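Using the working numbering, the letters of the sequence shown map in sequence onto residues 17 to 230.
Backbone N, C-alpha and C define an ideal beta-carbon position, used for all residues, glycine too.
All values reported here derive from a predicted model rather than from experimental measurement.
First the structure, in the form of structure tokens, and then the observations on it.
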Amino acid sequence: MLDIRVEPLPIVVPPSQEDLTMCDPDSDGHAQFDLDALVEDMINNGENLSVTFHETAQDAELGINAIPNTDNYTNTNAYNQTIYVRVENTVTGCYTATAYALNLIVVDTPQIDADLQDITLCDTDNNDQDAMAAVDLTVQDSYILEHLGNADPSDYIIHYFNNLTAAQNGAPRITNAAGYTAQDGEVIYVRIEDVATGCYSIESFTIHINIPLA
17 MLDIRVEPLP IVVPPSQEDL TMCDPDSDGH AQFDLDALVE DMINNGENLS VTFHETAQDA
77 ELGINAIPNT DNYTNTNAYN QTIYVRVENT VTGCYTATAY ALNLIVVDTP QIDADLQDIT
137 LCDTDNNDQD AMAAVDLTVQ DSYILEHLGN ADPSDYIIHY FNNLTAAQNG APRITNAAGY
197 TAQDGEVIYV RIEDVATGCY SIESFTIHIN IPLA
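Structure representation (structure tokens):
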């Protein structure tokens with residue numbers, strides 16, 4: 017008697033578009049994607065599954081020319097590229113009948129077209145020899161928006177930080193930016209974040225405080 021067995025095809029769970037979008041600080045339309053990080057969710061803990069990525073649907077369906085550097089893949093088409101996924105069961109040999117398409121998106125980070133200007137002021141508080149003074153950091157906001165092409169303030173989030181690590185993490189930020197007590201030579205970091213994309217850039221400026229002559 018002929019024994020006919022029908023094996024199910026592997027199931028692919030599509031990743032979110034957020035996972036397929038990368039920010040580009042160079043504004044050249046290219047970024048590095050960790051495709052390996054997508055695999056676990058895509059196969060949903062399926063067993064005996066091999067996942068390969070390909071630059072054409074035909075290569076994916078034939079199982080040839082797999083992308084080799086899947087942990088650090090740079091898109092070859094600027095800003096928008098479609099790649100294809102082949103999922104194969106290593107026990108049954110069954111694979112996704114049609115290559116699954118993933119749309120990789122690259123988004124520019126906000127870039128101002130001029131360096132931020134340092135802030136210089138005099139030490140005029142009650143202790144005018146301590147090289148400390150109150151400063152309104154938010155005076156940089158209008159300059160930043162102007163050099164983003166006269167951008168709408170609602171399109172960007174601008175926050176100020178005491179160090180680069182905090183600016184990269186987005187916290188802790190300076191909460192009293194309009195009345196911040198600064199010291200001479202202090203470097204302030206500014207995180208400029210695009211509300212629509214979540215992409216951000218970091219700029220910096222220095223505060224100079226002149227001590228009055230005794």
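Simplified DSSP state of residue 213, which is helix, strand or coil: Residue 213: coil per DSSP, three-state reduction.
Just the Cα atoms here: how many angstroms apart are residue 86 and residue 149? Their backbone Cα atoms lie some 51 Å apart in a straight line.
Hey, how far is the Cα of residue 80 from the Cα of residue 103? If you take the alpha carbons of residue 80 and residue 103, they lie about 13 Å apart.
Just to confirm the assignment, what range does the alpha helix (DSSP H) spanning residue 156 have? Element bounds for residue 156: 155-162.
Spatial distance of residue 94 from residue 179 (CA atoms): C-alpha separation (whole angstroms): 33 Å.
Nearest CA to the CA of residue 186: which residue from 74, 139, 214 and 226? Residue 214 is the option with its Cα nearest to residue 186.
Helix, strand or coil for residue 222, going by three-state DSSP, please let me know. Strand at residue 222.
Taking C-beta to C-beta, are residue 153 and residue 172 nearer than 7 Å? Annotated as distal: residue 153 and residue 172, with beta-carbon spacing of 7 Å or more.
Spatial neighbours of residue 23 within its chain, please: CB distance less than 6 Å, with the 5 preceding and 5 following residues excluded, ordered by chain position. Reliability of the predicted coordinates at residue 23 is poor, the pLDDT of 49 falling under 50, and the value obtained from them is presented with this limitation in mind. The residues are 108 and 110.
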